[in-house]
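To start, the structure itself, in C-alpha cells.
Residue numbers (my numbering): 8 to 412.
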C-alpha cells in the first residue's frame, strides 16, 4: 500500500487533519501532524479530481474543497472526526482553563492526559485497517499539543526534568488536576542547644526539632502542606552539633515557590543556625542520605573511680578497628548486628580526678557513647575497658563533619 493508497484508505471514514497526519508522523521532520494531514488531504483531493473517482472515500473529508471534474450534486457537510471526536479543536479551551487556575505558583510544568477507553479503541480500529508503519499514538500528540498551548496560555515552560508542577487533563470529566512537586532547599545547620531531636518526634515528647525550627519560616512563605528534613547523618538528641551539618529541607505541596532565602534564614530561632541556603533537588537528597563521612566529636567523660593524667595514656591505643554490636539503646529500632568501625584519631585532656575530655575522629557509623562506656561489652575495645574504669559520656558535641570535596 503506497502513501496515496493509505491516505485514501484512512479517508474512508471521517478524519481530521491531526488524525490523518498522525498516521504518517514518522515521515519528514519539521511538520506538525496537522500540517501533514492538510498536505495529504489536498493530494488525495487532487487525485480524486484528476481521476473523477472517489472510490470508498467519505466525501465529508473534502467539504471545503472545490472539485472541477467530479460531479457532486450537493455540498457535503463536515462530519465529526471518527477517530478523536474533534478533541484537537477543544484543546485551546483546556489550555485556557489551566491558565485560569492560579492555585499554585510555577515556572515549569509537565502535562499528561487521561483519555477514554473509547478513544483508544477507535484509534486501534483504524490501525487494524491501515497498519501502524509510520504512526504516532494519539495520546502522545495530544500531550504535546496541549503542552504547547499551555505554555502560551500560562507564559511558563514545559519541562520533563524537575518540573514545578504536574498537570493531568481528564478529557472524560473535563477536570484539570495540578499537583505541585516539592521544593528542595540545601543548607547547613548548627544545633546549639541540647535536648532537640533532628526530626519531628511523632509522640510530641519533644516540643520542637531541628526540622521544625528550620521549616517554620519556609512553610509560612510557601504555604506548603508538609516538610521533611534530610540530613547528612544525625546527632543524638542530647548532643550539640557545632559542626555545620549539610541537609536538604523538602517542602511538600507548596502553593508559592519564590522564597527570599537569606531573609527567611534570619527568621530561624537562636537554637539552630543555618547557612549556605540554595535551591536543591531530589538527586542531592539521595547523595546526602548515601554519604559516609568521618566525624570529629568532643566528649566530656565521667569516671566511676579516680584517675590520673598518666592513666589517660592508655586511651591512645584505641586508635584502630573497633567492634561494635548495635547499642542497647537503639535495639528497639535497629537490627542486632556486629559492625567494624575505625577510630582514626583521639586526643584527650585531663580535667579533674573523675573527669576528662576527649576529641575523637571516627568513621561514619561509630557510636561514641558506647566507645566510651563499652555498652556492657558490646563495644570492644572501649575507653572503659582500657582504663579499667567505668566511664560514661556526660556531654557530647559534633565538632566537624569531614565532607569530601
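Heads up, the beta-carbon is just placed ideally off N, CA and C, and yes, glycines get one too.
Discussion item. By the three-class DSSP mapping on this structure, what secondary structure does residue 26 have?
Written reply: Of the three classes helix, strand and coil, the one that applies to residue 26 here is helix, per DSSP.
Worksheet item: In terms of DSSP beta bridges, what is residue 191 paired with?
Response: 257
Fill in: Residue(s) in a DSSP beta bridge with residue 306
365, 403
Item to complete: May I ask you to verify whether the stretch 258 to 268 touches the stretch 384 to 402, counting CB pairs closer than 8 angstroms and requiring at least 3?
Response: No, because fewer than three Cβ pairs between the stretch 258 to 268 and the stretch 384 to 402 fall closer than 8 angstroms, the two stretches do not touch.
Fill in: Residues that DSSP places opposite residue 347 in a beta bridge
330
Worksheet item: What are the start and end residues of the beta strand (DSSP E) that includes residue 118?
Response: 115 to 121
Worksheet item: So residue 385 and residue 334 are in contact, right, with Cβ under 8 angstroms, and what is the actual spacing, rounded?
Response: 7 angstroms
Worksheet entry | Endpoints, the beta strand (DSSP E) within which residue 282 is located | 279 to 286
Worksheet item: If you draw a straight line from the alpha carbon of residue 151 to that of residue 103, how long is it in whole angstroms?
Response: 16 angstroms
Worksheet item: Assuming residue 28 contacts residue 16 under a Cβ cut-off of 8 angstroms, what Cβ separation, rounded to an integer in Å, is found between them?
Response: Their Cβ separation, rounded to whole angstroms, is 15 angstroms, which puts residue 28 and residue 16 out of contact at 8 angstroms.
Practice prompt. Name the two residues that bound the continuous beta strand (DSSP E) containing residue 235.
Written response: 233 to 238
Worksheet entry | Residue nearest to residue 118 in terms of C-alpha spacing, selected from 45, 343, 188 | 188
Discussion item. According to DSSP, is residue 339 part of a helix, a strand, or is it coil?
Written reply: coil
Practice prompt. Could you tell me which of 123, 116, 251, 143 sits nearest to residue 35, measuring between CA atoms?
Written response: 143
Worksheet entry | Separation of residue 341 from residue 179, as counted between CA atoms | 49 angstroms
Worksheet item: CA-CA distance, residue 292 and residue 192?
Response: Distance between the alpha carbons of residue 292 and residue 192: 10 angstroms.
Worksheet item: Which value, in whole angstroms, describes the spacing of the CA atoms of residue 86 and residue 160?
Response: Taking the straight line joining both Cα atoms gives about 29 angstroms.
Practice prompt. Return the CA-CA distance between residue 214 and residue 107, expressed in angstroms with no decimal places.
Written response: 41 angstroms
Item to complete: List the residues that DSSP assigns as beta-bridge partners of residue 196.
Response: 252, 281
Worksheet item: In its own chain, which residues sit with a C-beta less than 8 angstroms from the C-beta of residue 245, not counting the 5 before and 5 after it?
Response: 201, 202, 403
Practice prompt. List the whole-angstrom C-beta distance separating residue 329 from residue 393, where the pair is believed to meet the contact cut-off of C-beta under 8 angstroms.
Written response: The beta carbons of residue 329 and residue 393 sit about 12 angstroms from each other, so the pair does not count as a contact at 8 angstroms.
Item to complete: Determine, using beta carbons only, whether residue 254 and residue 195 come nearer to each other than 8 angstroms.
Response: yes
Worksheet item: Can you list, in chain order, the stretches of the alpha helix (DSSP H) that have 4 or more residues and sit fully within the stretch 127 to 198?
Response: Entirely contained in the stretch 127 to 198, the alpha helix (DSSP H) runs reaching 4 residues are, in chain order, 145 to 161.
Worksheet item: Rounded to whole angstroms, how far is the Cβ of residue 164 from the Cβ of residue 158, which I believe are closer than 8 angstroms?
Response: Yes, residue 164 and residue 158 are in contact; Cβ-Cβ is about 6 angstroms, under 8 angstroms.
Worksheet item: In its own chain, which residues sit with a C-beta less than 8 angstroms from the C-beta of residue 220, not counting the 5 before and 5 after it?
Response: Scanning its chain for C-beta atoms nearer than 8 angstroms, with the 5 sequence neighbours on each side dropped, one finds around residue 220 the residues 203, 275, 276, 278, 279, in chain order.
Practice prompt. Under 8 angstroms by Cβ, that's how I've got residue 47 and residue 83 pegged, so tell me the actual separation to the nearest angstrom.
Written response: Not quite, the Cβ-Cβ distance comes to about 19 angstroms (not below 8 angstroms), so this is no contact.
Item to complete: Specify, as a first and last residue, the run of the alpha helix (DSSP H) that residue 13 falls within.
Response: 10 to 17
Worksheet item: In terms of residues, what are the limits of the alpha helix (DSSP H) holding residue 391?
Response: Looking at the DSSP string, the run of the alpha helix (DSSP H) that includes residue 391 is 390 to 394.
Worksheet entry | CB-CB length for residue 239 against residue 252, believed under 8 angstroms | Here residue 239 really is in contact with residue 252; their C-beta atoms are around 6 angstroms apart, less than 8 angstroms.
Discussion item. For a test of the three-state rule: what should DSSP assign to residue 386, helix, strand or coil?
Written reply: strand
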